[in-house]
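Just so we're on the same page, this note's numbering is the position in the sequence shown counted from 1, plus 5.
Have a look at the structure below before the remarks.
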Amino acid sequence: MAGKDYYNILGVNRNASEKDIKQAYRRLARQYHPDVNPGDKSAEARFKEVNEAYEVLSDKEKRQKYNKYGDQWQHAEQFEKAGANQNVRWDFSSSGPQGSQFDQGELEDLFGGIFGRGRTGGFSRQARPRRGRDIEHPVEVTLEEAYNGSNRILSMESREACPSCSGTGRIQNAVCSACMGSGMTSGMKRIEVKIPAGVKDGSRVRIAGKGEAGYSGGKSGDLYLVVSVKPHTQFQRSGDNLKVEVLVPLMTALLGGEVQVPTLKGKLALKIPEETQNGREFKLTGQGMPKLNSSSKGDLIAKVKVVLPEKLTDEEKRLYRQLAVLRPDI
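Below, the structure is given as structure tokens:
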């Protein structure tokens, strides 16, 4: 196959499922993302290749055309029409077109007709407006950002309507030379997005109209941010609830008292009743994670870890021994 091998770029075989293609794309997009590799031109070029390959292979119609015509897939309709007129069945997935044989001059005439340069005059039919493709972009956030929400500026591959032909692919009935008739141009763009409070691993945040530009004046697709949340050193998350370990001194656990419980918005006082056992859990209602697109929150579960005293003085040891006589089970 001439040109780029999109399957090879994503590291999948030609029979790969949509799921396999999406997983390969997410892995490679994270690996070569410009934010992860600042200033690395080779990584940026690889990132563009990965996005280009995914754009085609994730679209069922485009993938079928690519499988048949290779890197000439964007001209599938022209090939089909020209092939029908010349009794040719095109198959760029193997060794070349099949059917009648052409010499060099005949091929030049045929391709000239396809691209508007030959004696046939090209094709003048205007493409119908079509909505742009939705695209996905991975975003990693901290637990604090997931709690409060955040704004991000993303660097991402962009396919926009060609400014030369306004996305039509043609200029005065001739194929646009700037985009080779595709109606689209590629490049990098920076976009500011808002990540709402309450997102979790796997959340998909829709940014309307920020996907691929529409074709021939069609509406733009949407951008979907695929969220992953970094593990936290102090809090464990379960759905909308959080769990945290609270250190409680032995005397406080025995006699009762008050301890400070960390939360994602500061510390809260928690009353510890007498004779609190190690591992006991207390629920702090509404102190967990915000629920996505809701004003309510989950709960915070504070789990007690009783801390034994260290570096006892001789007097303290004597008193503990007296207590041990009274309560040998302590």
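Just so it is clear, CB atoms sit at the ideal spot from N, CA and C, and this is done for glycine as well.
Output needed for Leu305: all residues of its chain with C-beta closer than 8 Å, excluding positions within five of it in sequence on either side, in chain order.
Asn246, Leu247, Lys248, Val249, Val266, Thr268, Lys288, Leu289, Gln292, Gly293
Taking the alpha carbon of Glu162 as the point to measure from, which residue in Arg211, Lys65, Gly186, Glu54 has its own alpha carbon closest?
Glu54
Residue from Asn42, Gly154, Lys9 with nearest C-alpha to Pro295:
Among Asn42, Gly154, Lys9, the Cα nearest to that of Pro295 belongs to Gly154.
Within 8 Å, do at least three Cβ pairs link the stretch 217 to 228 to the stretch 135 to 143?
The stretch 135 to 143 is in contact with the stretch 217 to 228.
Taking the alpha-carbon positions, what's the Ala307 to Gly244 distance?
16 Å
Nearest candidate by alpha-carbon position, reference Val144, set Glu23, Arg31, Gln69:
Arg31
C-alpha gap between Gly262 and Gln327, whole angstroms:
23 Å
Buried or exposed: where does Asn56 fall if 16 or more other Cβ atoms within 10 Å of its Cβ makes it buried?
Buried.
Could you check where the beta strand (DSSP E) with Thr268 kicks off and where it finishes?
Taken as a continuous stretch (DSSP letters only), the beta strand (DSSP E) holding Thr268 covers 262 to 268.
Kindly indicate which residue of Glu149, Ser47, Val210 has the alpha-carbon position closest to the one of His237.
Glu149
Can you name, in chain order, every residue of its own chain whose Cβ lies under 6 Å from the Cβ of Thr318, other than the five neighbours on each side?
none
Separation of Gly44 from Asp192, as counted between CA atoms:
Reading the sequence as shown, one finds Gly at residue 192 and not Asp. Straight through space, the alpha carbons of Gly44 and Gly192 are spaced by roughly 16 Å.
Comparing alpha-carbon positions, which option in Leu313, Leu255, Tyr12 lies nearest Val61?
Tyr12
For Glu145, which beta-bridge partners are listed by DSSP?
Looking at the DSSP assignment, Glu145 forms a beta bridge with Ser233.
Segment limits, alpha helix (DSSP H) that includes Ser47:
46 to 62
Cβ neighbours of Gln239 in the same chain (closer than 7 Å, five flanking residues each side left out)
So the qualifying residues of the chain are Val249, Pro267.
Cβ distance (whole Å) where Lys205 is taken to contact Ala151 below 8 Å:
7 Å
Check whether Tyr59 and Leu15 have beta carbons under 8 Å apart:
yes
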